[in-house]
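Visitor: Handing you a structure now.
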Amino acid sequence: MSGCDISGALSLLEAQAHLTEVLSTAVAVETLPLAEAQGRVLAEPVRAGLPLPGFDNAAMDGYAVRLTDLLTTDTLALAGKAFAGAPFSGAWPAGSCVRIMTGAPVPEGAEAVVMQEEVQILADGRLRFTPATIRPGQHIRRQGEDVAAGSVVLAAGLRLGAQQLPLLAALNVAQVRVHRPLKVAFFSSGDELRSLGEPLGPGQIVDSNRYALACLLANLGCEVLDLGIIPDDPAALRSAFLQADRQADALITSGGVSVGEADYTKELLSELGEVAFWKVAIKPGKPFAFGRLTRATRGIPFFGLPGNPVSALVTFLLLVRPALARLMGWQLPPPRWLPALTTAPLRLTPGRQDFQRGCLFVDEDGALRVGSAGGQGSAMLMSLAAADCLVRLDPPMAGASRELPAGSRVWVWPFAEAGL
Ligand code: AMP
Ligand code: MG
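Counting in full-length UniProt numbering, the sequence shown runs from 1 upward without gaps.
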């Protein structure tokens, strides 16, 4: 297959839809203490056993008042104090107010909290208010206004992070039902590859893809099984495939699925299961292999990434990451491609979506702009290291220009959103 032969290629959407269709949750469920649940995926929805706030309380430091007490006077005596954790408990005579701190329960009957900055303390200790400025209910956080008791607060399939954990903690949810981590095996294949630190002979390079994969998988909360470098040797490959099937829930390889090698990998994989080599109409992107090792014991899914580091990362983000999310039981929202204006002219690739590495900034008019992060070759690591987003260039319509002038709108996906 030449670099631009796209006959029979799947569109990215078709490839993604196929993965979504054939993959489903592959991990069991366990109960974990909340403190250990960070990064895990909820297996069941969580319902609130309590309202939040649990009781009416003050949103400000100040004075709790009854509006009726201020109908005929602007000055009230002090009946006592309410602190967070130490409610006011005495009698609350007419014509008085209660000193109250943020988070303290408002005394029964209180209709507003007046900020201390708006209250004058008189020499005799009484407090002077400006009644006309007091709104009923002001600065009172009402029981249940954030969360109603019994309501579903988090849906199954949500991944727990710093946004969700405080909600669950506040609701006194001590344990959660979550999916076990997905265990993902990976290896690099190629006779030219050497491990980091090994001396390099002629034609040899350091295997860099495994460092990207280890990092990408850790960010997803996966457990990893690093099977190292496997030479282009059928027996070694076979035993690595089988080990992955025994010990992991999914396998990712990089390299060895390009034209020169595919036939031979193909043969091995068709012996171990059903694996298809897809042409996906994206750039960078060589053949991408996907299937299941159905003739091995557990029949785990298999993802064969191209060897070129940029192609491997881009195909991982676009195809493998959403697929792993499904295996994890994680309802991963689709990427939000944001509109951005280009800083320089770009060339479009007929028939293929081109995913370039870009750098985002906000210009003086507040518009999101994107420039190239450098050389766009699929083996070029410098622009990858410098970039902060993928830039999607859709193929030109038939007959349309292949030149995209500077200032054109393109679509960008910030790496931070892609989990990098
Ligand atoms: P392949 O997909 O095996 O044809 O490899 C395509 C290109 O990617 C070749 O230049 C390989 O040397 C390179 N490559 C393959 N695997 C890796 C790897 N793990 N790390 C860095 N480069 C690689
Ligand atoms: Mg190779």
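Yeah, the Cβ is synthetic: ideal placement off N, Cα and C, and Gly gets one too. The structure presented is a predicted model; accordingly, all values stated were derived computationally and were not measured.
Using DSSP bridges, identify the partner residues of N57.
Guide: P105 and R141, per the DSSP bridge assignment.
Visitor: Is the Cβ of A64 closer than 8 Å to any Cβ of chain B?
Guide: Of the chains in the structure shown, none is chain B; there is only one protein chain.
Visitor: Would you tell me roughly how many angstroms separate the C-alpha atoms of V275 and F290, rounded to the nearest one?
Guide: For V275 and F290, the distance between alpha carbons rounds to 5 Å.
Visitor: With DSSP run on the structure shown, which of helix, strand or coil describes H328?
Guide: The amino acid at residue 328 is misidentified as His; the sequence shows Met. Correct three-state label for M328: helix.
Visitor: Which partner residues does T31 have in the DSSP bridge list?
Guide: DSSP output for T31 lists R177 as bridge partner(s).
Visitor: Check whether the Cβ of P284 sits closer than 7 Å to any heavy atom of the ligand AMP, and report yes or no.
Guide: P284: no, Cβ never under 7 Å from the ligand AMP.
Visitor: Any idea if P301 is buried or exposed, counting beta-carbon neighbours within 10 angstroms, 16 or more meaning buried?
Guide: Classification for P301: buried.
Visitor: Whole alpha helix (DSSP H) runs in the UniProt domain "MoaB/Mog" (185-326) with 4 or more residues, listed along the chain?
Guide: Runs of the alpha helix (DSSP H) inside the UniProt domain "MoaB/Mog" (185-326): 209-219, 234-247, 259-272 and 309-315.
Visitor: State yes or no: is the C-beta of G150 nearer than 7 Å to some heavy atom of the ligand MG?
Guide: Every heavy atom of the ligand MG is 7 Å or more from the Cβ of G150, so no.
Visitor: What would DSSP say about L76, mapped onto helix, strand or coil?
Guide: L76: strand per DSSP, three-state reduction.
Visitor: By Cβ distance below 6 Å, which residues in the same chain neighbour P45 in space, the five residues on each side in sequence not counted?
Guide: Hits under 6 Å: V152, A155 and A156.
Visitor: Could you say which of L368, R135 and D249 lies nearest to P181 if we only look at CA atoms?
Guide: Measuring from the Cα of P181, the nearest candidate turns out to be D249.
Visitor: So the alpha helix (DSSP H) T20 belongs to, where does it begin and stop?
Guide: Unbroken alpha helix (DSSP H) run through T20: L12 to V22.
Visitor: May I ask whether a heavy atom of the ligand AMP can be found less than 7 Å away from the beta carbon of R194?
Guide: No, the Cβ of R194 stays beyond 7 Å of every heavy atom of the ligand AMP.
Visitor: Can you find a heavy atom of the ligand MG that lies under 7 Å from the Cβ of G307?
Guide: Checking every heavy atom of the ligand MG against the Cβ of G307, one is found closer than 7 Å.
Visitor: If the criterion is Cβ atoms closer than 8 Å, does the pair K283 and L10 meet it?
Guide: Cβ atoms of K283 and L10: not closer than 8 Å.
Visitor: Indicate, with yes or no, if the ligand MG has a heavy atom lying under 7 Å from the CB of G255.
Guide: Because some heavy atom of the ligand MG lies under 7 Å away, the Cβ of G255 counts as near it: yes.
Visitor: Within the same chain, show all residues whose beta-carbon is closer than 7 Å to that of T297, passing over the 5 residues directly before and after it, in chain order.
Guide: Closer than 7 Å at Cβ, skipping near neighbours: D245 and R246.
Visitor: Roughly how many whole angstroms lie between the Cα atoms of L381 and L313?
Guide: C-alpha separation (whole angstroms): 11 Å.
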